[in-house]
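Trainee: I am attaching a structure below and will ask some questions about it afterwards.
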Amino acid sequence: MKIIVLVKHVPDAQFDRHLNGEGFTTDRDESILSELDEYALEAALQLAEARGGSKAGNQVIALTMGPAGAANAVKKTLQMGATEGVHLSDDALAGSDAAATSLALAAAVRHVGQADLIITGMASTDGETSLVPAQLAERLGLPQVTFASSLEVSGGRLTARRDADTSSETVEAPLPAVVSVTDQINEPRYPNFKGIIAAKRKSITTLSLSDIGVDPSQVGHSGSWTSVVNAEERPPRTAGTIITDEGDAGIKLVDFLAAQKLL
144 MKIIVLVKHV
154 PDAQFDRHLN
164 GEGFTTDRDE
174 SILSELDEYA
184 LEAALQLAEA
194 RGGSKAGNQV
204 IALTMGPAGA
214 ANAVKKTLQM
224 GATEGVHLSD
234 DALAGSDAAA
244 TSLALAAAVR
254 HVGQADLIIT
264 GMASTDGETS
274 LVPAQLAERL
284 GLPQVTFASS
294 LEVSGGRLTA
304 RRDADTSSET
314 VEAPLPAVVS
324 VTDQINEPRY
334 PNFKGIIAAK
344 RKSITTLSLS
354 DIGVDPSQVG
364 HSGSWTSVVN
374 AEERPPRTAG
384 TIITDEGDAG
394 IKLVDFLAAQ
404 KLL
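Under my numbering, the residues of the sequence shown are numbered 144 to 406, in order.
Right under this line is the structure:
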């Protein structure tokens with residue numbers, strides 16, 4: 144079984160985020176593998192292991208798109224158990240929106256070769272648009288199942304459960320297909336020492352737009368369907384107002400709320 148898992152490097156939430164460069168992009172000096180993509184990788188690894196793992200010819204290929212630093216996200220997937228990685232990197236990709244991203248990723252998937260299943264997280268933890276999985280499926284002409292909280296594959300078909308606030312539904316689709324999974328589907332594994340050592344022997348293939356047959360005008364700012372008109376960093380927090388009770392705290396509080404137009 145050949146499974147492609149789409150992963151993304153995102154700013155580490157433990158650090159302050161700052162806008163950087165044209166297009167109001169976020170500085171990614173401190174970036175990590177998107178947490179939601181770890182659930183997608185774990186789902187792929189479990190499917191592969193249930194069929195005998197890599198020794199039985201099963202492949203789990205981690206595919207990412209981004210600048211040089213995005214390779215770190217792929218390295219972690221290899222440490223967790225992915226068999227190989229693919230890194231699509233090209234300066235012309237900067238500023239791509241979801242539509243341009245899905246176009247480039249679809250071309251990269253075709254370049255990697257026909258897969259039985261393409262799995263993604265339900266969103267990235269930076270943009271959180273959840274648009275790419277559906278757009279990717281449309282561009283590839285494949286069935287799609289989004290927000291799957293369970294996933295099984297048998298007899299050339301997948302069965303998935305999708306949970307809403309008050310109900311659940313079970314859906315089926317023929318393979319190959321594109322599936323996005325939620326953070327309820329499993330508990331991702333941590334890289335262990337054996338996995339970290341094994342990752343050093345695994346390959347990461349770097350691709351450019353010319354390698355996958357995509358014209359630079361189709362991606363980046365020029366190829367995007369949407370654009371960010373303006374973005375501003377949130378101003379730093381200021382010290383709050385302290386009201387000392389000297390018998391008139393209630394009056395002071397009412398005056399403060401009125402001044403803030405909260406009454």
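The beta carbon of each residue, even a glycine, is placed where N, CA and C say it ideally should be.
Can you tell me whether Gln403 is buried or exposed, with buried defined as 16 or more other CB within 10 angstroms of its CB?
Mentor: Gln403 should be labelled exposed.
Trainee: Tell me, to the nearest whole angstrom, how far the beta carbon of Gly228 is from that of Thr220; I am working on the premise that it is less than 8 Å.
Mentor: Their Cβ separation, rounded to whole angstroms, is 6 Å, which keeps Gly228 and Thr220 in contact under 8 Å.
Trainee: Identify every residue that forms a DSSP beta bridge with Gly313.
Mentor: Just to set this straight, residue 313 is Thr in the shown sequence, not Gly. Thr313 pairs with Arg304.
Trainee: Between Asp240 and Gly363, what straight-line distance do the alpha-carbon atoms span, to the nearest angstrom?
Mentor: Their Cα atoms are separated by approximately 7 Å.
Trainee: I want to know whether the segment 283-297 touches the segment 316-328 - three or more CB-CB distances under 8 Å.
Mentor: Yes: the two stretches touch, three or more of their Cβ pairs being nearer than 8 Å.
Trainee: Would Leu279 and Ala249 be called neighbours here (beta carbons separated by less than 8 Å)?
Mentor: Yes.
Trainee: Just to confirm my understanding: we take Phe290, look at its own chain, exclude 5 residues before and 5 after, and list those with CB closer than 7 Å. What are they?
Mentor: Excluding positions up to five away in sequence, the list reads Met265, Arg305, Ser323, Thr325.
Trainee: Unbroken beta strand (DSSP E) runs of length 3 or more, entirely within the segment 343-396: which are they?
Mentor: With a minimum length of 3 residues, the continuous beta strand (DSSP E) runs that stay inside the segment 343-396 are 347-350.
Trainee: Rounded to whole angstroms, what is the Cα-Cα separation between Gln361 and Ile328?
Mentor: Taking the straight line joining both Cα atoms gives about 35 Å.
Trainee: If I follow the unbroken alpha helix (DSSP H) through Ser245, where does it start and stop?
Mentor: Start and end: 241-255.
Trainee: Can you check the segment 186-230 for any beta strand (DSSP E) of at least 3 residues that lies completely inside it and give the ranges in chain order?
Mentor: Fully enclosed beta strand (DSSP E) runs of 3 or longer: 202-208.
Trainee: Thinking just about the alpha-carbon of each residue, which of Asp398, Asn373, Ser297 is nearest to the one in Thr384?
Mentor: When only C-alpha atoms are compared, the closest one is Asp398.
Trainee: Short of 6 Å in beta carbon distance, which residues of its chain neighbour Ser351, apart from the five on each side in sequence? Order them along the chain.
Mentor: Once the five neighbours on either side are set aside, the close Cβ partners of Ser351 are Asp233.
Trainee: Helix, strand or coil, according to DSSP, for Leu274 in the structure here?
Mentor: Of the three classes helix, strand and coil, the one that applies to Leu274 here is coil, per DSSP.
Trainee: Does the segment 250-265 touch the segment 199-212, meaning 3 or more C-beta pairs lie closer than 8 Å?
Mentor: Yes, the segment 199-212 touches the segment 250-265.
Trainee: Any idea what DSSP makes of Ile340, helix, strand or coil?
Mentor: The answer is helix: DSSP assigns Ile340 an H, G or I state.
Trainee: So Gly338 packs on Gly196, CB below 8 Å; how close in whole Å?
Mentor: About 13 Å separates the two Cβ atoms, so there is no contact after all.
Trainee: Rounded to the nearest angstrom, how far is the Cβ of Ser293 from that of Ala277, given a contact under 8 Å?
Mentor: The Cβ separation is near 19 Å, so there is no contact.
Trainee: So Ile147 packs on Val255, CB below 8 Å; how close in whole Å?
Mentor: Sure, about 6 Å apart at Cβ, within 8 Å.
Trainee: For Val150, report the span of its beta strand (DSSP E) as first-last.
Mentor: Neither: Val150 is in no beta strand (DSSP E) and is coded neither H nor E.
Trainee: Would you say Ala243 and Val150 are within 8 Å of each other, going by their C-beta atoms?
Mentor: Cβ distance not < 8 Å, so Ala243 and Val150 don't count as in contact.
Trainee: Would you kindly work out how many angstroms separate the C-alpha atoms of Asn335 and Gly298, rounded to a whole number?
Mentor: One C-alpha to the other measures close to 33 Å.
Trainee: Could you give the first and the last residue of the continuous beta strand (DSSP E) run that contains Thr263?
Mentor: Its beta strand (DSSP E) spans residues 260-264.
Trainee: Using 10 angstroms around the beta-carbon of Val371, count the other beta-carbons present and answer buried if the total reaches 16, otherwise exposed.
Mentor: By the 10 Å Cβ count, Val371 comes out exposed.
Trainee: According to DSSP, is Glu330 helix, strand or coil?
Mentor: Coil, per DSSP.
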